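Trainee:
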DNA sequence: AATGAATGAGTGTTCATTCAT
DNA sequence: AATGAATGAACACTCATTCAT
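Residue numbers (the numbering used here), protein chains in the order written: chain E, 26 to 232; chain C, 26 to 232; chain H, 26 to 232; chain L, 26 to 232.
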């Protein structure tokens, strides 16, 4: 087999692992099942990855990389965040991202919930996203000649708990909400937008 | 041994299980370790509980029961939620609750993150809390002669994603935040209060 | 089950392990087979021993302990080693020991043959036995008013390579010799005695 | 690639296998590691050898062939074994041989220690060497007009257990002795020579 | 001659659960 | 109520061997 296939095989393994981790959690996942779903021999998984744990780490690294790309892209695409259209555009980028990546996000949240994790992937993502956000905000403030709120820590806390975690929760409970209340994806998304705008945007404006 | 001891033993098992589940997750937890931490023979655990899973269910039932009690208590104690003092009092009850119960809340969130959960304990808690909230709100509105916002679903979504999940996230990341940024419990709590008030209260007022 | 059974079970496991290790070597042995031969559940082996390796270590410890006992006993029982009868008596104790323990001795030699073993169980046994031997010899020499050969290192080398290792080899190849040449146990033993006496005793007397 | 390379590659594989077998035993060795050490692709090993076992057999065959050559050479080179010089010369040939070949000898002894081996490579080597020895001896006796000791079996046993196995043990424990007692190769060799001469030669002379 | 990819059958070890007392 | 012993079913990971090129 050539290199093309190798890359594809590795991707199939990662994809299967993502599916299964998100369904039953990392600890609940069996390598046998990943192999079966990926349509490869179990031993082949260990040809590409040192351990089950390394699969998870690879997925988390990809997530972080994807977030990074998404942030860059979103900053370029939404020059005016403060206008209603700009805000919605930014929101759409985010909501699309967490919807698409909700499988691995579920795993990330579940793993981050373990108390023996001194730090966690969610904290890492938090730092990444919030610092990018703050950078954007700073520029907006400067453009308008406003002074940027001094207490950075307070801002971080706000962004994390009222900005980031609602989106993560959206990734976690999106499907359950849609199923339980018979909501369409669009409907839930709109409700969530209204709520998020009122809350998070309001929080920013009240500074 | 009399009934007192039996109850205490059962409690010790539950407490140990809560500790360990929160540290390594349900699937990562070993009954051996729970027994060791509880200071009881492993087989005794199966005298009190049908399975490892029943321990989790018992813990989750307790959590729901505790939430119920907390809600009743909070409603009695904070007659005027809309005033600044009332809001802070209510917030304090909530924050104290999630802080105290953060171990089992972590487990609840982690388990709810699994995709094969059609519904989940977090959704259940959501329903419980949000309906209570809405009841309170309705009374407030009526008292003031205002008409209650018509779209209940929208309200639910807002309460869930901007009201409840930030608190759950607080339970999840409280320790990590304090450790990573060297914040005291009090400091984080105050920052969180400011952020939450601006965001969630604002969302309500903007209705 | 009571403590009696536990001890017996552990002994059955050790005995089965000794059999299998001696048949196919430590690395070639399967824990499954040990369990089957011992008539116990495989997991029970891990209830009594931390690992396959710990079983080996336990067997080696027992061997060393048994050697120690044998040495004490032999020293008490054979007060006059230099006489023909005394020498034969001592020889008999040794030959009986290595014959009885030949299974674990085979394993000990095989494991000691691995080059990554900085030291080895055979070297350990060597030290134990040779130092005891030398002690006995010293007494004999003193009794007879002779001066003890000064170069201890030379004596050690002699004892090890012309005293100990022929006995270990006897343990290794006894069965193969008997089978291949159709010798009875008694016959081989007598031949070996003649050879050993001529060689090893002569070496001592020539000092 | 031409034939020269093929031969060299095969030799590299055999050499790497010898190293690794001697370090961790045949069963403990992994074909992956042999490939890595030999600097060849793992599959290539199966191009040259049918199985891991065939590598071992090849190494053992080489050993036997080398022993054969060594015996012929030694017989030619040491016409007078009974003189002190001749004996030392013979000893030197032997000790050099077992020192050089100690890696594969270790493997041979370890494999021969397995009880399921009806016969074994060490027994095979024993037959080879001892019969050669006896042939030499017979000639010596005849030259001197002496009658050869009648009981061949007794002689075989003596040669095997007091002649051959000390040398094999030297191969096994040489490095461990040098390391443990801080002896130089030369020193150990000299001690061993003294001991061996006293014991084995004495045994012959006492016939 | 040489290799990266792939596989089947293991292999030591774990773990929730049960039994006998 | 409590325990030490025992078990079946996994489970992550390994390894000799083969395939396709």
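Using N, Cα and C, we set each Cβ at its ideal position, and we do this for glycine too. The structure presented is a predicted model; accordingly, all values stated were derived computationally and were not measured.
Just to make sure I have the definition right: I need the residues of chain E whose C-beta is within less than 7 Å of the C-beta of residue 219 of chain C. Which are they?
Mentor: For the purposes of this step, residue 219 of chain C is identified with residue 194 of the second chain, where counting begins at 1. Within chain E, the residues near residue 219 of chain C are 179.
Trainee: Would residue 42 of chain L and residue 84 of chain L be called neighbours here (beta carbons separated by less than 9 Å)?
Mentor: By 1-based counting over the fourth chain, the position of residue 42 of chain L is 17. By 1-based counting over the fourth chain, the position of residue 84 of chain L is 59. Yes, the pair counts as a contact, with Cβ atoms nearer than the cut-off.
Trainee: To the nearest angstrom, how far is it from the Cα of residue 52 of chain E to the Cα of residue 52 of chain C?
Mentor: For the purposes of this step, residue 52 of chain E is identified with residue 27 of the first chain, where counting begins at 1. For the purposes of this step, residue 52 of chain C is identified with residue 27 of the second chain, where counting begins at 1. If I take the Cα positions, the gap works out to 6 Å.
Trainee: Taking C-alpha atoms, which residue in L/57, L/144, L/97 lies nearest to residue 204 of chain H?
Mentor: Taking the third chain and counting its residues from 1, one reaches residue 204 of chain H at position 179. Per the Cα distances, L/144.
Trainee: Buried or exposed, going by whether 16 or more other CB atoms sit within 10 Å of the CB of residue 169 of chain L?
Mentor: Translated into the one-based positions of the fourth chain, residue 169 of chain L becomes position 144. Flag for residue 169 of chain L reads exposed.
Trainee: Just confirm the distance between the C-beta atoms of residue 153 of chain C and residue 89 of chain C, as a whole number of angstroms; I'd bet it's less than 8 Å.
Mentor: The count along the second chain starts at 1 and reaches residue 153 of chain C at position 128. The count along the second chain starts at 1 and reaches residue 89 of chain C at position 64. Right, their Cβ atoms sit about 7 Å apart.
Trainee: If we cut at 9 Å on Cβ distances, does residue 125 of chain E have a partner in chain C?
Mentor: Within the first chain, residue 125 of chain E is the residue found at index 100, counting from 1. Chain C, which has no Cβ nearer than 9 Å to the Cβ of residue 125 of chain E, makes this no.
Trainee: If distances are taken between C-alpha atoms only, which option among L/192, L/219, L/220 comes closest to residue 126 of chain L?
Mentor: If you number the fourth chain from 1, residue 126 of chain L lands on position 101. Closest by alpha carbon: L/192.
Trainee: Relative to the C-alpha of residue 118 of chain H, which candidate in H/72, H/93, H/172, H/176 has its C-alpha closest?
Mentor: The count along the third chain starts at 1 and reaches residue 118 of chain H at position 93. Among H/72, H/93, H/172, H/176, the Cα nearest to that of residue 118 of chain H is on H/93.
Trainee: Just verifying my parser: in three-state terms, what is the DSSP assignment at residue 34 of chain C?
Mentor: Against the second chain, residue 34 of chain C aligns to sequence position 9. Helix at residue 34 of chain C.
Trainee: Mind checking which residues open and close the alpha helix (DSSP H) that includes residue 86 of chain C?
Mentor: For the purposes of this step, residue 86 of chain C is taken as residue 61 along the second chain, with counting starting at 1. Run containing residue 86 of chain C: 77-102, per the alpha helix (DSSP H) assignment.
Trainee: Following the continuous alpha helix (DSSP H) through residue 164 of chain C, name the residue where it begins and the one where it ends.
Mentor: Taking the first residue of the second chain as 1, we reach residue 164 of chain C at position 139. Note, residue 164 of chain C: alpha helix (DSSP H), 146-168.
Trainee: Please report how far the alpha carbon of residue 27 of chain L lies from the alpha carbon of residue 36 of chain L, in whole angstroms.
Mentor: By one-based count along the fourth chain, residue 27 of chain L stands at place 2. By one-based count along the fourth chain, residue 36 of chain L stands at place 11. In this predicted model, residue 27 of chain L has a pLDDT of only 49, less than 50, meaning its place in the structure is not dependable; the value taken from the coordinates is given anyway. Between residue 27 of chain L and residue 36 of chain L, the C-alpha separation is close to 15 Å.
Trainee: Going straight from the alpha carbon of residue 134 of chain H to that of residue 46 of chain H, what length do you get?
Mentor: For the purposes of this step, residue 134 of chain H is identified with residue 109 of the third chain, where counting begins at 1. For the purposes of this step, residue 46 of chain H is identified with residue 21 of the third chain, where counting begins at 1. Near 12 Å, if we compare the C-alpha coordinates of residue 46 of chain H and residue 134 of chain H.
Trainee: Do you know how far the Cα of residue 38 of chain L is from the Cα of residue 173 of chain L?
Mentor: To locate residue 173 of chain L, count along the fourth chain from 1; it is residue 148. To locate residue 38 of chain L, count along the fourth chain from 1; it is residue 13. Taking the straight line joining both Cα atoms gives about 46 Å.
Trainee: Residue 194 of chain L: which of H/185, H/200, H/201 sits nearest, CA to CA?
Mentor: In the fourth chain, residue 194 of chain L corresponds to position 169, counting from 1. The candidate whose alpha carbon is nearest that of residue 194 of chain L is H/185.
Trainee: Roughly how many whole angstroms lie between the Cα atoms of residue 157 of chain C and residue 197 of chain E?
Mentor: As a position in the second chain, residue 157 of chain C is number 132, starting the count at 1. As a position in the first chain, residue 197 of chain E is number 172, starting the count at 1. Taking the straight line from one Cα to the other gives about 23 Å.
Trainee: Here's the rule I'm using: 16 or more other beta-carbon atoms within 10 Å means buried, otherwise exposed. How should residue 177 of chain L be labelled?
Mentor: Along the fourth chain, one-based indexing puts residue 177 of chain L at 152. Burial call: exposed.
Trainee: Kindly give me the distance between the Cβ atoms of residue 56 of chain L and residue 77 of chain L, rounded to whole angstroms, as I take these residues to be in contact under 8 Å.
Mentor: Working through the fourth chain from its first residue, we reach residue 56 of chain L at position 31. Working through the fourth chain from its first residue, we reach residue 77 of chain L at position 52. With 8 Å as the limit, residue 56 of chain L and residue 77 of chain L qualify as a contact, their Cβ atoms being about 6 Å apart.
Trainee: At a CB-CB cut-off below 8 Å, which residues of chain C make contact with residue 200 of chain E?
Mentor: Start at 1 with the first residue of the first chain, and residue 200 of chain E comes out as number 175. Chain C residues near residue 200 of chain E: 140.
Trainee: Between residue 32 of chain E and residue 44 of chain E, what straight-line distance do the alpha-carbon atoms span, to the nearest angstrom?
Mentor: Taking the first chain and counting its residues from 1, one reaches residue 32 of chain E at position 7. Taking the first chain and counting its residues from 1, one reaches residue 44 of chain E at position 19. Approximately 18 Å, taken between the alpha carbons.
Trainee: Report the residue from C/202, C/180, C/228 whose alpha carbon sits nearest the alpha carbon of residue 217 of chain C.
Mentor: Locating residue 217 of chain C in the second chain gives position 192, where the first residue counts as 1. Considering only alpha carbons, the answer is C/202.
Trainee: Roughly how far, in whole angstroms, is the beta-carbon of residue 151 of chain H from the beta-carbon of residue 115 of chain H, given that I think they are within contact range, below 8 Å?
Mentor: As a first step, residue 151 of chain H must be located in the third chain, where it is residue number 126. As a first step, residue 115 of chain H must be located in the third chain, where it is residue number 90. Not a contact, Cβ separation roughly 17 Å.
Trainee: Thinking C-beta only, is residue 162 of chain L closer than 9 Å to residue 225 of chain L?
Mentor: Taking the fourth chain and counting its residues from 1, the one referred to as residue 225 of chain L is at position 200. Taking the fourth chain and counting its residues from 1, the one referred to as residue 162 of chain L is at position 137. Going by C-beta atoms, residue 225 of chain L is not nearer than 9 Å to residue 162 of chain L.
Trainee: Residue 183 of chain C lies in the alpha helix (DSSP H); which residues open and close that run?
Mentor: Indexing the second chain from 1 puts residue 183 of chain C at position 158. Looking at the DSSP string, the run of the alpha helix (DSSP H) that includes residue 183 of chain C is 177-183.
Trainee: Under 9 Å, Cβ to Cβ, is there at least one residue of chain C near residue 81 of chain E?
Mentor: The sequence position of residue 81 of chain E within the first chain is 56, counting from 1. Chain C, which has no Cβ nearer than 9 Å to the Cβ of residue 81 of chain E, makes this no.
Trainee: At the level of alpha carbons, what is the spacing between residue 108 of chain C and residue 136 of chain E?
Mentor: Position 83 of the second chain, counted from the start, is the residue given in the question as residue 108 of chain C. Position 111 of the first chain, counted from the start, is the residue given in the question as residue 136 of chain E. Their backbone Cα atoms lie some 39 Å apart in a straight line.
Trainee: Closer than 6 Å by C-beta to residue 128 of chain C: which residues in its own chain qualify, once you throw out the five before and the five after it? Chain order, please.
Mentor: Taking the first residue of the second chain as position 1, residue 128 of chain C is located at position 103. Same-chain partners within the cutoff: 43, 47.
Trainee: If we ignore side chains and look at the alpha-carbon of each, how far apart do residue 214 of chain L and residue 58 of chain E end up?
Mentor: By 1-based counting over the fourth chain, the position of residue 214 of chain L is 189. By 1-based counting over the first chain, the position of residue 58 of chain E is 33. Distance between the alpha carbons of residue 214 of chain L and residue 58 of chain E: 60 Å.
Trainee: From residue 212 of chain C to residue 182 of chain E, what does the alpha carbon distance come to, in whole angstroms?
Mentor: Taking the second chain and counting its residues from 1, one reaches residue 212 of chain C at position 187. Taking the first chain and counting its residues from 1, one reaches residue 182 of chain E at position 157. Taking the straight line from one Cα to the other gives about 11 Å.
Trainee: Relative to chain C, which residues along the segment 47-68 of chain E have a C-beta separation below 7 Å, given in chain order?
Mentor: The residues in question are 47, 48, 49, 50, 52, 53.
Trainee: Beta-carbon separation of residue 60 of chain L and residue 70 of chain L under 9 Å?
Mentor: Locating residue 60 of chain L in the fourth chain gives position 35, counting from the first residue. Locating residue 70 of chain L in the fourth chain gives position 45, counting from the first residue. Yes, the Cβ-Cβ distance between residue 60 of chain L and residue 70 of chain L is below 9 Å.
Trainee: Between residue 210 of chain C and residue 155 of chain C, what straight-line distance do the alpha-carbon atoms span, to the nearest angstrom?
Mentor: Mapped onto the second chain, residue 210 of chain C falls at position 185. Mapped onto the second chain, residue 155 of chain C falls at position 130. Using only the alpha carbons, I get a separation of about 26 Å.
Trainee: For the segment 94-123 of chain H, which residues have a CB atom closer than 8 Å to at least one CB atom of chain L, in sequence order?
Mentor: Flagged: no residues at all.
Trainee: Could you have a look at residue 171 of chain E and say whether DSSP puts it in helix, strand or coil?
Mentor: Start at 1 with the first residue of the first chain, and residue 171 of chain E comes out as number 146. The answer is coil: DSSP assigns residue 171 of chain E none of H, G, I, E or B.
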